[in-house]
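Colleague:
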Amino acid sequence: MTGNNCDTKMEPINEDYEEYHGEECKPINTFIVSNDEEVDALCNNVRGERKITSGRVFTVVICRFDYIDIGCHYRGKTINNYAITIICKNGKPVHYIVSKQDE
1 MTGNNCDTKM EPINEDYEEY HGEECKPINT FIVSNDEEVD ALCNNVRGER
51 KITSGRVFTV VICRFDYIDI GCHYRGKTIN NYAITIICKN GKPVHYIVSK
101 QDE
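Everything in the sequence shown is counted per UniProt numbering, starting at 1 for the first residue and increasing by one.
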(Lines of atoms letter the chains of each structure in order from A and count residues from 1; the text may use other names and numbers.)
(Lines give C-alpha, C1' and ligand atoms only; values in the text may rest on other atoms or scores of the structure.)
Protein backbone atom coordinates (compact mmCIF):
# COMPACT_ATOMS: atom_id res chain seq x y z
CA MET A 1 0.00 0.00 0.00
CA THR A 2 1.19 3.49 -0.86
CA GLY A 3 -0.40 6.92 -0.77
CA ASN A 4 -1.29 6.41 -4.45
CA ASN A 5 -3.66 3.52 -3.59
CA CYS A 6 -6.01 5.50 -1.34
CA ASP A 7 -8.93 5.78 -3.78
CA THR A 8 -8.95 2.02 -4.37
CA LYS A 9 -8.38 1.03 -0.72
CA MET A 10 -11.13 3.38 0.50
CA GLU A 11 -13.82 2.05 -1.89
CA PRO A 12 -14.87 -0.90 0.31
CA ILE A 13 -14.75 1.27 3.44
CA ASN A 14 -17.05 3.83 1.83
CA GLU A 15 -19.60 1.26 0.59
CA ASP A 16 -21.66 1.42 3.79
CA TYR A 17 -20.23 4.62 5.24
CA GLU A 18 -23.06 6.93 4.11
CA GLU A 19 -25.73 4.61 5.51
CA TYR A 20 -24.17 4.70 8.98
CA HIS A 21 -22.61 8.18 9.07
CA GLY A 22 -24.67 10.36 6.70
CA GLU A 23 -21.66 11.24 4.52
CA GLU A 24 -20.71 9.62 1.23
CA CYS A 25 -16.96 9.59 1.88
CA LYS A 26 -15.07 8.84 5.10
CA PRO A 27 -12.94 11.93 5.82
CA ILE A 28 -9.76 10.12 6.94
CA ASN A 29 -8.47 6.60 7.38
CA THR A 30 -5.05 5.30 8.37
CA PHE A 31 -3.65 2.02 7.06
CA ILE A 32 -0.84 0.18 8.84
CA VAL A 33 1.37 -1.33 6.14
CA SER A 34 1.99 -4.75 7.63
CA ASN A 35 0.55 -8.21 7.77
CA ASP A 36 -2.18 -8.97 10.30
CA GLU A 37 0.10 -11.23 12.35
CA GLU A 38 2.57 -8.41 13.08
CA VAL A 39 -0.15 -6.07 14.33
CA ASP A 40 -1.98 -8.85 16.21
CA ALA A 41 1.28 -9.73 17.99
CA LEU A 42 1.24 -6.32 19.70
CA CYS A 43 -1.86 -7.41 21.60
CA ASN A 44 -0.69 -10.87 22.64
CA ASN A 45 -1.35 -11.52 26.34
CA VAL A 46 -3.48 -8.39 26.78
CA ARG A 47 -6.49 -9.07 28.97
CA GLY A 48 -9.26 -6.53 29.07
CA GLU A 49 -8.64 -3.25 27.25
CA ARG A 50 -5.30 -1.43 27.11
CA LYS A 51 -3.45 1.13 24.99
CA ILE A 52 -0.23 -0.23 23.47
CA THR A 53 2.57 1.62 21.66
CA SER A 54 4.63 -0.62 19.42
CA GLY A 55 8.26 -1.26 20.27
CA ARG A 56 9.06 -1.60 16.58
CA VAL A 57 8.32 0.82 13.77
CA PHE A 58 5.84 0.46 10.93
CA THR A 59 4.94 2.32 7.77
CA VAL A 60 1.50 3.93 7.82
CA VAL A 61 -0.49 5.51 5.00
CA ILE A 62 -2.94 8.27 5.87
CA CYS A 63 -5.74 8.76 3.34
CA ARG A 64 -7.55 12.11 3.56
CA PHE A 65 -10.69 12.91 1.62
CA ASP A 66 -9.96 15.37 -1.19
CA TYR A 67 -13.03 15.63 -3.48
CA ILE A 68 -16.02 13.79 -4.99
CA ASP A 69 -16.22 13.27 -8.74
CA ILE A 70 -17.21 9.78 -9.81
CA GLY A 71 -16.55 8.28 -6.41
CA CYS A 72 -14.52 9.56 -3.50
CA HIS A 73 -10.97 10.78 -4.10
CA TYR A 74 -8.22 10.87 -1.49
CA ARG A 75 -4.75 12.30 -0.98
CA GLY A 76 -2.35 9.83 0.57
CA LYS A 77 0.58 10.51 2.87
CA THR A 78 3.11 7.79 3.70
CA ILE A 79 4.98 7.90 7.01
CA ASN A 80 7.91 5.52 7.47
CA ASN A 81 9.61 4.36 10.68
CA TYR A 82 6.61 5.13 12.84
CA ALA A 83 5.78 3.64 16.26
CA ILE A 84 2.03 3.01 16.24
CA THR A 85 -0.38 3.20 19.17
CA ILE A 86 -3.43 0.96 19.22
CA ILE A 87 -6.14 -0.12 21.63
CA CYS A 88 -6.04 -3.85 22.37
CA LYS A 89 -9.05 -5.65 23.79
CA ASN A 90 -8.78 -9.25 24.96
CA GLY A 91 -5.74 -9.96 22.82
CA LYS A 92 -6.96 -8.29 19.60
CA PRO A 93 -6.29 -4.84 18.09
CA VAL A 94 -9.57 -2.92 17.94
CA HIS A 95 -8.64 0.72 17.27
CA TYR A 96 -5.74 2.76 15.89
CA ILE A 97 -4.94 5.88 17.94
CA VAL A 98 -4.39 8.96 15.78
CA SER A 99 -1.34 11.00 16.77
CA LYS A 100 -0.47 14.62 16.03
CA GLN A 101 1.82 13.40 13.23
CA ASP A 102 -1.24 11.89 11.52
CA GLU A 103 -3.16 15.16 11.47
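Ideal Cβ positions, reconstructed from N, Cα and C, are used throughout, including at glycine. Here the structure is a predicted model, which is why all the values come from computation and not from measurement.
Start and end of the beta strand (DSSP E) containing residue 87?
Modeller: Per DSSP, residue 87 belongs to the beta strand (DSSP E) from 85 to 89.
Colleague: If you compare alpha carbons, which of 44, 33, 93 is closest to residue 82?
Modeller: Ranking 44, 33, 93 by Cα distance to residue 82 puts 33 first.
Colleague: Looking at the strands, I want to know which residues DSSP matches up with residue 93.
Modeller: DSSP, once it has assigned bridges, lists 88 as partnering residue 93.
Colleague: Report the three-state DSSP secondary structure of residue 49 (helix, strand or coil).
Modeller: Of the three classes helix, strand and coil, the one that applies to residue 49 here is strand, per DSSP.
Colleague: Which value, in whole angstroms, describes the spacing of the CA atoms of residue 51 and residue 99?
Modeller: Distance between the alpha carbons of residue 51 and residue 99 is about 13 angstroms.
Colleague: Look up residue 6 in the DSSP assignment and say whether it is helix, strand or coil.
Modeller: Reduced to three states, the DSSP call for residue 6 is helix.
Colleague: What residues in its chain sit with their C-beta under 7 angstroms from that of residue 1, if we drop five residues either side in the sequence?
Modeller: Same-chain partners within the cutoff: 9, 31, 33, 61.
Colleague: Got a sec? Which residues, its chain only, sit under 6 angstroms from residue 6 by beta carbon, not counting five neighbours each side?
Modeller: Closer than 6 angstroms at Cβ, skipping near neighbours: 63, 74, 76.
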